[in-house]
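Protein chains in written order, with the numbering used here: chain R, 1 to 332; chain Z, 1 to 318.
Shown next, in structure tokens, is the structure this report addresses.
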């Protein structure tokens with residue numbers, strides 16, 4: 001197996017998660033790790049850096065994983081692309097659309113234009129199943145969706161970097177709601193008509209929102225409602241997809257803490273003739289998953305792109321630009 | 001690994017899957033054959049995992065079923081000749097090919113079959129990325145109505161029926177995108193060998209869709225020989241969930257998913273309550289005290305936990 005020599009910039013939770021997934025894959029050779037906080041580098045045998053630019057300048061690697069704060073993502077991604085690295089970056093793709101467009105420009109001029117963003121939820125098993133159900137047309141076409149993605153918050157929520165606007169660019173919608181928006185975009189297409197209310201309903205002293213409600217409509221009339229919340233007080237993930245011939249519901253999401261509950265997809269077919277149950281009670285089929293392979297699937301796709309020249313399918317720069325355009329609509 | 005369950009509101013007693021008279025006739029033919037063809041050997045070797053660590057579990061019509069302590073499968077130690085002779089029994093073939101038998105099957109099972117075909121369409125798309133106009137080989141299907149549903153489904157381009165009671169005119173397909181092996185494993189005395197044959201009929205990137213009764217299911221382990229629905233030599237191989245995984249591995253398949261979506265364990269146990277062993281206090285207590293909603297919840301629990309006595313499998317060639 002060809003080794004993809006990789007450096008990881010940012011060894012916080014995401015950097016460590018990617019490091020572990022790359023080790024499991026077997027095709028990556030992590031040559032260096034970098035973090036501005038030396039404590040995050042303790043215990044790693046690889047070459048360590050505290051300056052990302054120095055790390056990129058000195059490393060002889062094929063790829064770079066960008067797992068840093070939102071504010072530094074565009075600079076690092078552009079710098080790495082300009083130096084011929086294949087780049088994987090965590091979401092969000094910068095703090096705003098202008099950041100994303102800058103990365104698109106860098107990608108378009110790069111000699112090795114491999115750039116992938118970590119829209120990891122697309123690789124969750126329930127999402128893969130939902131996509132297969134929709135694409136198979138067994139339940140007809142999706143016409144509308146309802147999504148709720150909620151967090152409990154934390155005791156020091158207001159002071160977290162995520163809520164420092166100059167670092168993060170936005171609040172819960174940009175941090176977490178972007179995943180739900182991405183899934184809706186994945187299942188339904190791009191939303192061009194957007195109405196939103198973005199508020200500080202409880203955490204009043206933050207510069208960023210703790211709640212965002214959006215009604216979104218695609219060019220061809222599909223409608224979605226999205227609620228991104230940092231004031232759910234309990235972790236919650238729920239996405240309903242209403243189709244012309246049936247219904248799909250995704251509930252729960254496997255994470256390291258298991259705090260979003262068991263990951264399930266439930267679906268049923270429209271049954272107005274009551275062949276499977278009473279009126280309004282068609283037989284439901286549910287699938288549950290007990291392992292989260294999303295990180296592995298995602299790292300495999302990036303490896304295949306770098307080592308074997310296969311196309312990036314998910315999390316492309318085009319996806320990122322479209323998402324950030326929709327987010328601009330939400331924040332407007 | 002994937003786990004699955006179905007939910008249906010309890011809506012009174014469901015119809016039986018067989019017409020009682022036809023089922024009695026079927027069992028009578030089988031019993032007559034068993035009486036005239038007693039087991040030639042009492043081998044203790046598990047045909048699933050090869051272990052000798054097996055023991056008697058129950059008897060039906062003087063035939064001893066054995067349980068493997070290593071892989072939890074249940075089997076009848078039958079010789080291949082007797083097994084083949086049973087499957088070719090003219091009287092049984094005539095009954096099963098009769099209009100009455102087939103029309104009853106359609107009447108009672110069409111909804112289940114339609115649901116299964118939809119599931120097959122879905123899972124095929126999930127693993128092949130396409131589910132229209134594919135080459136299908138269907139091994140051993142004994143229901144014309146079921147065959148028709150597959151042939152009429154969007155899944156089907158060309159359809160070939162093999163090893164069936166019916167001499168259906170169908171095109172020869174060298175290797176298929178999808179191989180169906182439905183309710184056949186229960187007849188196999190050498191299950192891995194049979195699946196190796198099936199494997200040859202599958203394209204390298206195709207999928208095997210298999211379903212079967214499981215010996216590790218709730219109703220079978222609770223009722224043992226007390227269930228009407230299990231009888232020799234119709235059911236000689238009842239693998240456990242783990243046993244099924246072993247068989248597929250031996251035959252050169254990689255398991256993509258295995259689920260146990262059976263919905264009738266509780267119903268079977270309830271129907272045969274008097275045959276439950278006296279010492280099985282919990283199950284008897286459950287049956288005496290549970291209402292319909294609890295029964296439905298318990299059945300869902302069995303499905304989700306891999307404990308119902310019916311399994312659905314999708315596998316690919318290794």
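The beta-carbon is built from N, C-alpha and C at its ideal position, and this holds for glycine as well.
Count the other CB atoms, across all protein chains shown, that sit within 10 Å of the CB of residue 139(Z); report buried if there are 16 or more and exposed otherwise.
Reading the second chain from its first residue, position 139 is the one you call residue 139(Z). That one is buried.
Does any CB atom of chain R fall closer than 7 Å to the CB of residue 306(Z)?
Against the second chain, residue 306(Z) aligns to sequence position 306. For residue 306(Z), the answer is no, since every Cβ of chain R falls outside 7 Å of its Cβ.
Of the residues that make up the segment 245-272 of chain Z, which ones have a beta carbon closer than 7 Å to any beta carbon in chain R?
Answer in chain order: no residues at all.
Rounded to a whole number of angstroms, what is the C-alpha to C-alpha distance between residue 236(Z) and residue 186(Z)?
Translated into the one-based positions of the second chain, residue 236(Z) becomes position 236. Translated into the one-based positions of the second chain, residue 186(Z) becomes position 186. Straight-line Cα distance between these residues: approximately 6 Å.
How should residue 228(R) be labelled, buried or exposed, when 16 other C-beta atoms within 10 angstroms of its C-beta is the threshold for buried?
For this step, residue 228(R) is matched to residue 228 along the first chain. Label assigned to residue 228(R): buried.
Alpha carbons only, please: which of 272(R), 311(R) and 294(R) is nearest the one belonging to residue 119(R)?
Counting from 1 along the first chain, the entry for residue 119(R) is found at position 119. Checking every option, the nearest Cα to that of residue 119(R) belongs to 294(R).
Let me know the secondary structure DSSP gives residue 60(Z) once reduced to three states.
For this step, residue 60(Z) is matched to residue 60 along the second chain. If DSSP states are grouped into helix, strand and coil, residue 60(Z) belongs with the strands.
Compile a chain-ordered list of the residues in the segment 280-293 of chain R whose CB is closer than 9 Å to at least one CB of chain Z.
281, 282, 283, 284, 285, 286, 287, 288, 289, 290 and 291
Counting only the same chain and skipping the five closest in sequence on each side, list residues whose C-beta sits under 6 Å from that of residue 238(R).
For the purposes of this step, residue 238(R) is identified with residue 238 of the first chain, where counting begins at 1. Cβ neighbours of residue 238(R) beyond the five flanking positions: 148 and 251.
In chain Z, which residues lie less than 8 Å from residue 132(R) when you measure between Cβ atoms?
What you label residue 132(R) is simply residue 132 of the first chain in a count that begins at 1. Within chain Z, the residues near residue 132(R) are 122, 125 and 126.
With hydrogens ignored, establish whether the beta-carbon of residue 311(R) is closer than 6 Å to any heavy atom of the ligand FAD.
This structure lacks the ligand FAD; in fact it carries no ligand of any kind.
At the level of alpha carbons, what is the spacing between residue 67(R) and residue 303(R)?
The residue labelled residue 67(R) in the question sits at position 67 within the first chain. The residue labelled residue 303(R) in the question sits at position 303 within the first chain. Those two C-alpha atoms are separated by around 17 Å.
If you follow the alpha helix (DSSP H) that residue 179(R) is in, where does it begin and where does it stop?
To locate residue 179(R), count along the first chain from 1; it is residue 179. Its alpha helix (DSSP H) spans residues 178-188.
Taking residue 318(Z) as the query, report the chain R residues whose CB atoms sit under 8 Å from its CB, ordered along the chain.
For the purposes of this step, residue 318(Z) is taken as the residue at position 318 of the second chain. Result: empty, since nearest Cβ-Cβ is about 19 Å, beyond 8 Å.
Which residues does DSSP list as the beta-bridge partners of residue 336(R)?
No information on residue 336(R) is available, as it lies outside the stretch 1 to 332 that chain R covers here.
Just the Cα atoms here: how many angstroms apart are residue 319(R) and residue 74(R)?
For the purposes of this step, residue 319(R) is identified with residue 319 of the first chain, where counting begins at 1. For the purposes of this step, residue 74(R) is identified with residue 74 of the first chain, where counting begins at 1. Their Cα atoms are separated by approximately 16 Å.
Once you ignore the five residues that flank residue 115(Z) on each side, which residues in its own chain have a CB closer than 7 Å to its CB?
Along the second chain, read from residue 1 onward, the residue named residue 115(Z) stands at position 115. Closer than 7 Å at Cβ, skipping near neighbours: no residue.
Once DSSP output is grouped into helix, strand and coil, what is the label at residue 305(Z)?
Translated into the one-based positions of the second chain, residue 305(Z) becomes position 305. In this structure, residue 305(Z) counts as coil in the three-state DSSP scheme.
Which residues bound the beta strand (DSSP E) around residue 224(R)?
Reading the first chain from its first residue, position 224 is the one you call residue 224(R). Start and end: 223-229.
Taking its Cβ as the centre, do 16 or more other Cβ atoms sit within 10 Å of residue 294(Z), making it buried, or is it exposed?
Translated into positions along the second chain, residue 294(Z) becomes position 294. Answer is exposed; the Cβ neighbour count stays below 16.
Please state whether the Cβ-Cβ distance between residue 115(R) and residue 317(R) is less than 7 Å.
As a position in the first chain, residue 115(R) is number 115, starting the count at 1. As a position in the first chain, residue 317(R) is number 317, starting the count at 1. In contact: residue 115(R) and residue 317(R) (Cβ atoms closer than 7 Å).
Using only alpha-carbon positions, find the residue among 48(Z), 268(Z), 3(Z) and 153(Z) that is nearest to residue 68(Z).
Here residue 68(Z) refers to the residue found at position 68 of the second chain. Of the candidates 48(Z), 268(Z), 3(Z) and 153(Z), the one whose C-alpha sits nearest the C-alpha of residue 68(Z) is 48(Z).
Are three or more beta carbon pairs between the segment 224-244 of chain Z and the segment 208-215 of chain Z nearer than 8 Å?
yes
Could you check what DSSP says for residue 15(Z) in three-state terms: helix, strand or coil?
Taking the first residue of the second chain as position 1, residue 15(Z) is located at position 15. Coil.
If we count the other Cβ atoms within 10 Å of its Cβ and call it buried at 16 or more, is residue 91(R) buried or exposed?
Numbered from its first residue, the first chain carries residue 91(R) at position 91. That one is buried.
How big is the Cα-Cα spacing for residue 130(R) and residue 102(R)?
Against the first chain, residue 130(R) aligns to sequence position 130. Against the first chain, residue 102(R) aligns to sequence position 102. Rounded to whole angstroms, residue 130(R) to residue 102(R) spans 33 Å at the Cα level.
Counting Cβ pairs closer than 8 Å, one from the segment 131-139 of chain R and one from the segment 23-36 of chain Z, do we hit at least three?
Contact between the segment 131-139 of chain R and the segment 23-36 of chain Z is absent, because fewer than three Cβ pairs lie under 8 Å.
Report the neighbours of residue 353(R) on chain Z: residues whose CB is nearer than 7 Å to its CB, in chain order.
The question about residue 353(R) has no answer, for chain R in this structure spans 1 to 332.
Taking only beta-carbon atoms, is residue 4(Z) less than 7 Å away from chain R?
Looking up residue 4(Z) in the second chain gives position 4. Chain R, which has a Cβ nearer than 7 Å to the Cβ of residue 4(Z), makes this yes.
What is the DSSP secondary structure of residue 82(Z), counted as helix, strand or coil?
As a working mapping, residue 82(Z) is identified with position 82 in the second chain. If DSSP states are grouped into helix, strand and coil, residue 82(Z) belongs with the helices.
Got a sec: is the Cβ-Cβ distance from residue 265(R) to anything in chain Z below 7 Å?
Stepping through the first chain from its first residue, residue 265(R) is reached at position 265. No, no contact with chain Z.
Please classify residue 299(Z): is it buried, with 16 or more other beta-carbons within 10 angstroms of its beta-carbon, or exposed?
Within the second chain, numbered from 1, the residue matching residue 299(Z) stands at position 299. Under this definition residue 299(Z) is a buried residue.
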